[in-house]
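Beneath this line is the structure, given in structure tokens, with notes to follow.
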Amino acid sequence: MRVRSHRHPGDDRFLRLKMALLRPLDKLPTLDVATILLVGAEEKLLEQLGEAVLREGEGSAKVQVHVAPGLPLPADRECLRPRVDLVVFVLSLHSKHSLRTVEASLPQLDAGFFLGKVCFLASGVGSEQKASIHTDAVARLAATFRSPLLFGDLEVEPSRLSVARRLLRVLQICAGHVPGPVGPEPAVHDEEVRGAGPAGRLTPRPAPSPGRGPPGPFCALVITPIN
Amino acid sequence: MANLPYNSAEGSSDVVPESPSPERSTPTTEQQMSPTCFQTSMVMSSQETSLSPVIPIIQCDRSAWKMRQNESGLGPANLQYGLGDGKEEFNEHAALQQAFNYIRKATKKESTLEKHLQTVEDIAWKSGLGPKDIDTLLEVVLSSPLRAEAVKSRMLKCLIPTTLIPESAVVKAFSKLCTHNYSNSIKIIFFRWLIAMFDFIDHTEEMNSLYGFFFSFLQEESMSCYVCHLLYLLTKRENVKPFRVRRLLDFQSKVGIQPHLQALLSLYKSFCPDLVSISLPQKRKYYFKNTDSIWQTAVYIVKQRNQLPSLPSVELSVGISASQPQKRKWNSSCIIPKPTSSFTGEKKQKGGSTSLDVMFGVRKTFPVEQLHMFSQLLENIQNIQFPSQMCSVLKNSSLLHYLNCVRDETVWLRLYYWMNQVLKEGCTWCKVSNYTTEEEFKSFLDIVGKAQCFLQEGFPSSEVFLYRSLPLWDGTSCRSEYLQLLSWLPLGNFSEIRPLLCDSLAPLFFTSSIFHKCSVLYSLKQLLQNWLLRYAMRANVKTMMSTSSHTTLNVVNSVSELISFVGWLSTNALRLEEHSSFLFHFVLDFFETVSDMYLNYNLPLVVIFPCGVFYPALLTFDSITLNHLCYIMYRYRVNLTAAKENDVIRQERQKFNKTYQKFNEYVTALVDCLWTSTAFEKDHFLYIDPEIMKKTKIKDYKKSLNLTNHPALLVYSIYFLLQGWPGEKELALGTIQEHLEDLVTYRESLSHLDFAQDILHDSDKHL
């Protein structure tokens, strides 16, 4: 199954207005098919990761991988595109450009995606000399958008395979093939801790928040119905 | 040898190109990593090949070949030297002696001198100089009346040993160097030679006693980097003195931060962290320029000759050191050597020094190398000193025992400092390092884990490492060893551990394979057990103290939060993995520990497991899971009844009411299901509207989950029928219940499920 990549059109503001926001539920799902969209500035990494995902996904449900250098996606192919189940933003810690691309693409995504269909992936955490982005910045970004952050070295083959496997697990949940985890965080006895919530450590919240803290990302995965 | 075929005209040039060719300076360090990537040339005569038959002939590299040609005029493999016999060696020896005698008396440069010099060089490069010859040559060179430096430096450069260099020769030469007036270049060449050939010096104790003299050479700026390198190799723990540290720091402030000074300072710090209080940067890859190209090939040849491994083998090196103490290299961080005594008083106890010993009351120390058994430790416990390399303690169990009882804080400081460094530098996912592979780091983590297990206590360095590296972990590298570290987190406030567990571990947990999930659950179970043991030990010690109630409260809170966290993890994991029985095993293992918390560890706490674990376990297809569940319920019952008597629990009635209620719910469900077959009736847990049940067209569903018909226990029912009525062709499961008198045998056949029987009986009484 080929990895399809989308060309990013030029800076035509008029054209951009025509492009629709990517919405999670505006298309019908196809039976037994899951689609993952990889967004990031480094094409080579994305292609390699895409191939790894396809290889690992053989045997289970059919997996389609789409690759894009940024959002929004061009409008002319809109009708041919399947429903996207999971969007993965791939950043490289070596280049600020990738972070900026991701930050620019985030507003182009419909808010419904952030209920569990978005994942951040940071590559290149090992080589500290080349790092131009601090891991804290990426962690803060992931926390703001309430989405999980995975680390992995996409340049090394075994690490890439394990990241691909992880993405496939998330994809299976997002596409509804596997029942995802539900249920809120365990009850917290501490008043202050309750306010922060499991993932949103950095966003200050008023102390006596009603009930238990907001559920973390993995607690709020929407189980999309197959039919 | 006068009949040298390759008498090159430029043979007398003394300027040896110092070319560390750029492609070689990095492989040099890699050379120390694996013998296979050796890239410089090596030219051997057939005599050498006869000594060590397995040496491959490696391709010639032009620059090295040229260099050797410049020095010794020897070309590629020279077949004229033929298969040596004793005659040739004798000839060599005679020629050498002749040459030495001549050079000793020579006063000016002339052609015969040149011939003799050539002889010495050839012999040295071909087969090396024996220990006595080295001694003689050093003496000759350093006491030669020749003014010309060139000859001396040339001779010094061909000091290549056959196998070993006698220490006495080095000491003599060094003392001459100190006393007579030599130019700096000679001194530098001497030091460089010492550094390159350090491994071949047979003992270094006397050199160590001259440490101060070596140290004094540090003041000369031109020599300082070589002297630092030499000191780096030579230093032992007792050489680290405050005044030396001060002098080093003064020197550093004078000349600025140099890598070699930093190297020596960090070595001092690793020995005595209390003496060196400045902060040093993390270990760099290259401290010392490793470019002694003059002797590089020679060193390799000699090593081959000695049949020693040419490098400390880094691949599987943990714990095994060669017979000689290894050169302390910066890249051997993950290698844990055998413990070597820091104080070698044994050797000095001959004759003269005993009086001094008596004067200072020096006690006879037990050499650490011989410490293998616990009985030896007990006998000699007063006389043990920790080895120079603190890390070697980790592999020796007797030394670990000793570590536990010693009161000296600096010992622990040393160990933690070293461990911090190694964990930080060696971590393969936080830092892509070229000199630690994943296997090494894995085995290192394994050793640390085992040491922690032995001491039944976690190291703070591993805790710090865990906090730093878990957020960046990719979930697969060194998984089982790394998760082992998780189970040694110290008992404290759960709010400190919560970010680690919830933010970093949970996402990885949910996106990983079932085996990873099981490993995590296993290590969390170990963590709980360690905490409970810690608490139990502490409670035993502090039974009289009044502060115990506060600490108990802390412990109770932490433990209950941990249990609810794991309950959450398990519920979701079971859903994700579709209630696989493999996962159930680990989950129920954890809750088995939880169920017995009150009676086994005296912790005034009872926590019931979540419904997401109970109900799937009850309605499972697997009999092992069902059995385990029943056992846990039985233990819960015992603990809960005993806990009713406890004061603390009685006081906190409100908090624990819920637990008791939940437990009663579970027992009711269990009994309804298995025994009374009323699970599907109104107000019971499996109530489904009868209309819907009619549509399913299942007849007689009411009894479908009881003890005889439960899917998990169906096998046993059939087995029972087959055993009891072997001849019958048609058997009905319903007949089991009719044979009431046979129920006793039926119960016996389910003997491993007798816990279930107990609990059902007891709950029967309660209902």
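The listed protein sequences derive, respectively, from chains C and A. Take the first sequence: its letter number 169 is residue 169 in the working numbering, and every next letter is one higher. Converting from the second sequence to the working numbering requires adding 1000 to each position, the first position being numbered 1. All C-beta atoms in this analysis are idealised placements derived from N, C-alpha and C, irrespective of residue type, glycine included. In this text the structure is predicted, and so the values were computed from the model without any measurement.
Hey, residue i and residue j: beta-carbon distance below 8 Å or not?
{"i": "A142(C)", "j": "T101(C)", "result": "no"}
{"i": "L71(C)", "j": "Q108(C)", "result": "yes"}
{"i": "I1201(A)", "j": "V1170(A)", "result": "yes"}
{"i": "K62(C)", "j": "D32(C)", "result": "yes"}
{"i": "T1242(A)", "j": "Y1417(A)", "result": "Per the sequence shown, residue 1242(A) should be read as Pro rather than Thr. Contact flag unset, no."}
{"i": "A1669(A)", "j": "L1705(A)", "result": "no"}
{"i": "S123(C)", "j": "L91(C)", "result": "yes"}
{"i": "R1237(A)", "j": "F1271(A)", "result": "yes"}
{"i": "I1514(A)", "j": "S1580(A)", "result": "yes"}
{"i": "S1677(A)", "j": "K1699(A)", "result": "no"}
{"i": "V1255(A)", "j": "E1220(A)", "result": "no"}
{"i": "A1617(A)", "j": "L1626(A)", "result": "yes"}
{"i": "R160(C)", "j": "L25(C)", "result": "no"}
{"i": "L1524(A)", "j": "V1464(A)", "result": "no"}
At the level of alpha carbons, what is the spacing between residue i and residue j?
{"i": "V1411(A)", "j": "M1633(A)", "result": "48 Å"}
{"i": "V941(A)", "j": "L1394(A)", "result": "Given that chain A is displayed from residue 1001 to residue 1767, the structure contains no residue 941(A) and the question cannot be resolved."}
{"i": "H1229(A)", "j": "L1264(A)", "result": "8 Å"}
{"i": "S1495(A)", "j": "Q1484(A)", "result": "21 Å"}
{"i": "E56(C)", "j": "P1507(A)", "result": "20 Å"}
{"i": "M1207(A)", "j": "T1179(A)", "result": "16 Å"}
{"i": "C1673(A)", "j": "V1638(A)", "result": "21 Å"}
{"i": "K1115(A)", "j": "L1194(A)", "result": "27 Å"}
{"i": "N1184(A)", "j": "S1153(A)", "result": "11 Å"}
{"i": "T1437(A)", "j": "T1428(A)", "result": "7 Å"}
{"i": "L1129(A)", "j": "M1223(A)", "result": "27 Å"}
{"i": "E1488(A)", "j": "S1519(A)", "result": "It should be noted that the sequence gives Trp, not Glu, for residue 1488(A). Distance between the alpha carbons of W1488(A) and S1519(A): 15 Å."}
{"i": "L150(C)", "j": "H1628(A)", "result": "36 Å"}
{"i": "F1251(A)", "j": "Q1304(A)", "result": "40 Å"}
{"i": "A954(A)", "j": "L1218(A)", "result": "No answer is possible for residue 954(A): it lies beyond the span of chain A, which begins at 1001 and ends at 1767."}
{"i": "Q1771(A)", "j": "H1203(A)", "result": "Beyond the ends of chain A as shown, which are 1001 and 1767, falls residue 1771(A); an answer cannot be given."}
{"i": "V1151(A)", "j": "P1166(A)", "result": "23 Å"}
{"i": "A199(C)", "j": "C1502(A)", "result": "Confidence is the limiting factor: at A199(C) the pLDDT is only 35, short of 50, which leaves the residue's position unreliable and the question unanswerable from this model."}
{"i": "L1403(A)", "j": "D1446(A)", "result": "19 Å"}
{"i": "A164(C)", "j": "V170(C)", "result": "10 Å"}
Of the choices the options, whose alpha-carbon is the least far from that of residue i?
{"i": "P982(A)", "options": "F1621(A), H1628(A), S1570(A) and I1649(A)", "result": "As shown, chain A starts at 1001 and ends at 1767. That puts residue 982(A) outside it, with no answer to give."}
{"i": "S1375(A)", "options": "V1245(A), G1475(A), F1386(A) and H1401(A)", "result": "H1401(A)"}
{"i": "T1163(A)", "options": "S1175(A), P1145(A), E1425(A) and D1133(A)", "result": "D1133(A)"}
{"i": "G126(C)", "options": "S1443(A), V1613(A), S1564(A) and G1426(A)", "result": "G1426(A)"}
{"i": "K1187(A)", "options": "D1199(A), L1583(A) and F1174(A)", "result": "F1174(A)"}
{"i": "N1101(A)", "options": "V1141(A), I1123(A), S1111(A) and N1627(A)", "result": "V1141(A)"}
{"i": "R1104(A)", "options": "W1125(A), L1137(A), N1091(A) and A1124(A)", "result": "L1137(A)"}
{"i": "L1159(A)", "options": "S1144(A), E1149(A), L1146(A) and S1127(A)", "result": "S1127(A)"}
{"i": "V29(C)", "options": "L86(C), E58(C) and L45(C)", "result": "Before going further, note that residue 29(C) is Pro rather than Val in the sequence given. Ranking L86(C), E58(C) and L45(C) by Cα distance to P29(C) puts L86(C) first."}
{"i": "L1231(A)", "options": "L1626(A), S1222(A), F1213(A) and A1124(A)", "result": "F1213(A)"}
{"i": "E128(C)", "options": "R1147(A), C1430(A), I1165(A) and L1177(A)", "result": "C1430(A)"}
{"i": "L1249(A)", "options": "L1267(A), I1278(A), T1235(A) and C1225(A)", "result": "I1278(A)"}
{"i": "S1480(A)", "options": "Y1300(A), F1441(A) and S1266(A)", "result": "F1441(A)"}
{"i": "E1578(A)", "options": "G1612(A), A1643(A), M1155(A) and F1215(A)", "result": "G1612(A)"}
{"i": "D1122(A)", "options": "K1157(A), S1398(A) and K1424(A)", "result": "K1157(A)"}
{"i": "S1539(A)", "options": "V1556(A), L1527(A) and K1525(A)", "result": "This sequence places Ala at residue 1539(A); Ser is not what is there. Among V1556(A), L1527(A) and K1525(A), the Cα nearest to that of A1539(A) is on V1556(A)."}
{"i": "Q1097(A)", "options": "T1107(A), K1109(A), E1110(A) and D1135(A)", "result": "D1135(A)"}
{"i": "L162(C)", "options": "K44(C), A34(C) and L54(C)", "result": "A small correction: the amino acid at residue 162(C) is Ser; Leu does not occupy that position in the sequence shown. Among K44(C), A34(C) and L54(C), the Cα nearest to that of S162(C) belongs to L54(C)."}
{"i": "A137(C)", "options": "F113(C), P158(C), Q172(C) and K96(C)", "result": "K96(C)"}
{"i": "C1405(A)", "options": "L1413(A), I1381(A), N1396(A) and L1415(A)", "result": "I1381(A)"}
Hey, is residue i close to the ligand ADP, as in C-beta under 7 Å from one of its heavy atoms?
{"i": "F1720(A)", "result": "With respect to the ligand ADP, the structure shown offers nothing to examine, as it has no ligands at all."}
Worksheet entry | the region 139-156 of chain C touching the region 33-40 of chain C, judged by at least three CB pairs closer than 8 Å | no
Contact residues within the region 127-138 of chain C, judged by C-beta distance below 9 Å to chain A: So the close ones are S127, E128 and T135.
Say whether the region 1573-1586 of chain A touches the region 1594-1601 of chain A, bearing in mind that this needs 3 or more beta-carbon pairs closer than 8 Å, one atom from each stretch. no
Contact between the region 145-154 of chain C and the region 1443-1458 of chain A (3+ Cβ pairs under 8 Å): no
#### Entry: Residues of the region 1462-1481 of chain A whose Cβ lies closer than 9 Å to any Cβ of chain C, in chain order
Under the 9 Å Cβ criterion, the region 1462-1481 of chain A contributes P1471, L1472, W1473, D1474, G1475, T1476 and S1477.
* To do: Using a Cβ-Cβ cut-off of less than 9 Å, give me the residues of the region 53-70 of chain C that come near chain A, in sequence order.
  => Here the close residues number zero.
According to a CB-to-CB cut-off of less than 7 Å, which residues of the region 1204-1231 of chain A neighbour chain C? none
### Query
Using a beta-carbon distance cut-off of less than 7 Å, what residues from the region 1409-1439 of chain A approach chain C?
W1429, C1430, K1431 and V1432
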